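Q: Note that our numbering numbers the sequence shown so that position 199 is 199, with each residue one more than the last.
Quick reminder that beta carbons are idealized off the backbone N, C-alpha and C, glycines included.
As the structure is a computational prediction, the values presented were derived from the model and not from experiment.
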Amino acid sequence: MESREDTSNILDPWPTSTDGTEWDGRGLLGLVQQGLDPFGNPFRGKLDTRALFVEIEQCLESTIVDIPLVSYGGFHVVLKSRPDVVVRVSRGDTCNRAYRESDTQQIQLLDSQFELDVYRTLVPLGTPFNRRPVHHRLPLVPTASSFSSVHGISGRGIFVFDKAEGEKYDYVRWRALNREQKVSLSGSRLLRKAAKAAAKLFKFELPRDFSSTWVVRRGFGRGFHFPNTNLRASRQVCELMLRSKVQDALRHRESMQPFINHPHLDLLDSLIKALEELVPHLLPNPSSEEDESTLYRFVLDHGDFGIHNMTISQTDTDDMRITSVFD
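(1) Just the Cα atoms here: how many angstroms apart are Lys203 and Val299?
(2) Compare the Cα-Cα distances from Pro68 to each of Val32, Pro15, Arg26 and Gln33 and report the closest residue.
(3) Measuring CA to CA, which of Leu206, Pro280 and Ala274 is closest to Met241?
(4) Under a three-way DSSP split, which group does Gln34 fall into?
(5) Which value, in whole angstroms, describes the spacing of the CA atoms of His302 and Leu265?
(6) Hey, how far is the Cα of Phe39 from the Cα of Gly20?
(7) In whole angstroms, what separates the C-alpha of Phe326 from that of Asp66?
(8) Can you give me the C-alpha to C-alpha distance between Ala164 and Thr323, rounded to a whole angstrom?
(9) Quick one: what's got a C-beta closer than 8 Å to Thr94's C-beta in the same chain, skipping five residues either side?
(10) Rounded to the nearest angstrom, what separates Val246 and Pro286 at their Cα positions?
(11) Are the stretch 108 to 125 and the stretch 195 to 212 touching by the rule of at least three beta carbon pairs closer than 8 Å?
(12) For Gly92, count the other beta carbons within 10 Å of its own beta carbon; 16 or more makes it buried, fewer makes it exposed. Which is it?
(13) Let me know the secondary structure DSSP gives His281 once reduced to three states.
(14) What is the residue span of the alpha helix (DSSP H) that Leu116 lies within?
(15) Between the Cα of Asn9 and those of Ala98, Ile153, Gln236 and Leu177, spot the shortest distance and give me the residue it belongs to.
(16) Out of Gly166, Leu36 and Ile158, which has the shortest C-alpha to C-alpha gap to Gln108?
(17) Return the Cβ separation of Thr121 and Pro207 in integer angstroms, given the expectation that the two are a contact with Cβ distance under 8 Å.
(18) Can you tell me the Cβ-Cβ gap for Tyr296 and Ala233, rounded? I've got them flagged as a contact below 8 Å.
(19) Give the secondary structure of His302 by DSSP, where H, G and I count as helix, E and B as strand, and everything else as coil.
(20) For the alpha helix (DSSP H) that Leu191 lies in, which residues bound it at each end?
(21) Nearest-angstrom Cα distance between Gln34 and Gly73?
(22) Among Leu47, Asp37, Leu275 and Arg321, which residue has its Cα nearest to the Cα of Ile153?
(23) Tell me the DSSP secondary structure of Pro128 in three-state form.
(24) Going by the DSSP bridge assignment, what does Glu55 pair with across the sheet?
(25) For the alpha helix (DSSP H) that Leu295 lies in, which residues bound it at each end?
(26) In the DSSP output, which residue or residues are listed as bridge partners for Gln247?
(27) Return the CA-CA distance between Phe210 and Gln236, expressed in angstroms with no decimal places.
(28) With distance defined between alpha-carbon atoms, name the residue in Arg50, Asp111 and Leu79 nearest to Ser90.
(29) In whole angstroms, what is the alpha-carbon distance linking Leu346 and Val54?
(30) Tell me the start and end of each unbroken beta strand (DSSP E) in the stretch 58 to 89 that is at least 3 residues and wholly inside, in chain order.
(31) To the nearest angstrom, report how far apart Glu57 and Leu36 are at their CA atoms.
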């Protein structure tokens with residue numbers, strides 16, 4: 001889910017170096033020790049990196065040795081007595097009133113709860129989907145009576161994952177490969193393995209409690225209330241979902257233009273009506289209950305499944321393994 005509001009004043013921007021250029025994400029631990037923290041002064045609403053270090057070391061019972069790289073995906077942390085981890089920290093802080101009272105904060109909280117439930121649900125699929133966090137904490141939201149108890153990074157959500165073996169093959173890394181290397185990747189049966197992983201996810205039968213909780217919250221438009229908590233995949237539910245999507249998308253367009261004139265409002269209403277009339281014609285009619293269960297079922301779709309969202313490990317025999325799927 002995405003927020004529809006301006007986030008420039010409620011989410012932390014990417015840090016800059018002392019010369020004003022965009023920080024390259026390298027050497028954070030050394031910079032902090034030298035008093036050159038690229039995230040800035042925590043007393044000015046910036047990320048308190050020292051508090052982050054303390055929480056990581058306490059929850060993992062180990063000492064941070066290095067933080068070789070920070071990226072938009074998180075902090076790569078090297079520890080003294082355990083494997084490396086990747087730490088994700090929310091860019092929004094509930095100590096920031098603008099963030100605390102925003103739609104973005106509510107959506108991110110719901111997204112975090114959904115993500116945790118996805119990790120729990122996908123455990124039976126094994127590698128590369130079984131990547132549950134080794135530590136997580138949702139942000140504390142201060143109240144008038146508890147505001148002083150929210151300090152450091154307690155107003156930010158945190159996810160800590162064991163770092164998957166291998167490297168992330170994002171677009172930059174892929175483009176850097178020459179033709180022979182790309183052919184070698186294809187020859188390693190990597191694409192076939194990726195297709196099998198995608199098929200495994202597609203065929204996975206979602207638990208009823210997961211579907212009942214999240215299909216309504218994420219599949220329908222805002223403010224939609226499904227009367228039956230025992231949600232079952234069916235043509236009727238799919239039709240309700242599509243109608244709700246039409247209303248949510250186009251009524252949002254109307255709310256974004258409060259001074260829209262009547263002719264355009266009439267056109268918008270006509271468009272909504274036409275699309276809603278089209279919906280039933282898009283959905284096949286099942287001939288039996290068994291046929292309906294084949295045509296209509298809930299699937300957990302990644303949305304951007306590809307090599308650029310995978311961690312890939314290469315063995316000595318040039319065989320490629322997909323060790324994690326993310327984003």
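A: Answer, in terms of the structure:
(1) 8 Å
(2) Proximity to Pro68 across Val32, Pro15, Arg26 and Gln33 peaks at Arg26, based on C-alpha coordinates.
(3) Pro280
(4) Of the three classes helix, strand and coil, the one that applies to Gln34 here is coil, per DSSP.
(5) Each residue's alpha carbon lies about 36 Å from the other.
(6) When rounded, the distance between both Cα atoms is 13 Å.
(7) Near 23 Å, if we compare the C-alpha coordinates of Asp66 and Phe326.
(8) The straight-line gap from Cα to Cα measures roughly 6 Å.
(9) Arg100, Gln105, Pro139, Leu140, Val141, Pro142, Val150, Gly155 and Arg156
(10) 23 Å
(11) yes
(12) buried
(13) Of the three classes helix, strand and coil, the one that applies to His281 here is helix, per DSSP.
(14) Asp103 to Thr121
(15) Ala98
(16) Ile158
(17) At roughly 6 Å, the Cβ-Cβ gap stays under 8 Å, so Thr121 and Pro207 are in contact.
(18) 5 Å
(19) His302: coil per DSSP, three-state reduction.
(20) Leu190 to Lys203
(21) 25 Å
(22) Leu47
(23) coil
(24) Per DSSP, none; premise fails for Glu55.
(25) Glu289 to Leu295
(26) In DSSP, Gln247 forms no bridge with anything.
(27) 19 Å
(28) Ser90 has its Cα closest to that of Asp111, out of Arg50, Asp111 and Leu79.
(29) It is not possible to answer for residue 346, since the shown part of the chain is limited to 1 through 327.
(30) 64 to 71, 74 to 79 and 85 to 89
(31) 21 Å
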